[in-house]
Amino acid sequence: MAGFAVFEERPIRFDGFVSVGPFRLKKYFVYDPAVQPQPAVFESGIDFAAKSLPAQLEPGTTGVGFVVHHQGVGPNGSVHYVVLGYWFSYNELCLRTVASEDDGTTWIADDHRFSPCVWDHEIIWFERNCYIQTMLNGKPDSERYLAQVFRQRSV
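Following the numbering used here, the numbering of the sequence shown begins with 11 at its first residue and continues without gaps.
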């Protein structure tokens, strides 16, 4: 089919932690090797996506999750995506994806245009398994969950 590119792995790196209100999130950075990485753009995207987070933890909400900054390529150059995921209601993952088609000045939340892509799902799958092993094992341990991070991958 026209327009479909051959899948190629992208570099993924763990980029520390960020606290947003009552939430502690692991940070990851994914980028297309064809573009110059711009991790600084990530911070304004996290701020924008974090507006969807509850201000207080509800029962069954652990206060842990992750955020992915994915720098890809669009028709007009770099496109920055932020995928923010947090665990709530004991075993559910709430995801919010926002994007910036400029230098990170303007962020857009549009569930009909932006969603996690195949590279983001690799991290989401890892985080799902992490959550099961550390939080749904009969002895929930959020510190152990936060300590398990996706291993860096270079391409």
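We treat Cβ as the ideally placed atom computed from N, Cα and C, and that holds for glycine.
- Put simply, the region 72 to 89 touches the region 39 to 52. At least three CB pairs are less than 8 Å apart.
- With contacts defined as CB atoms closer than 8 Å, G73 and G114 fail to qualify as a contacting pair.
- Between the region 56 to 75 and the region 100 to 113, the count of C-beta pairs closer than 8 Å reaches three or more; the two stretches touch.
- Rounded to whole angstroms, A65 and P32 show a C-alpha spacing of 7 Å.
- Distance from the CA atom of D121 to the CA atom of G148, rounded to whole angstroms, is 34 Å.
- In the displayed model, T144 falls within a helix according to three-state DSSP.
- In this structure, DSSP gives A59 a helical state, which the three-state scheme calls helix.
- Here F24 is bridged, per DSSP, to Y38.
- Between A59 and R123, the alpha-carbon positions lie close to 15 Å from each other.
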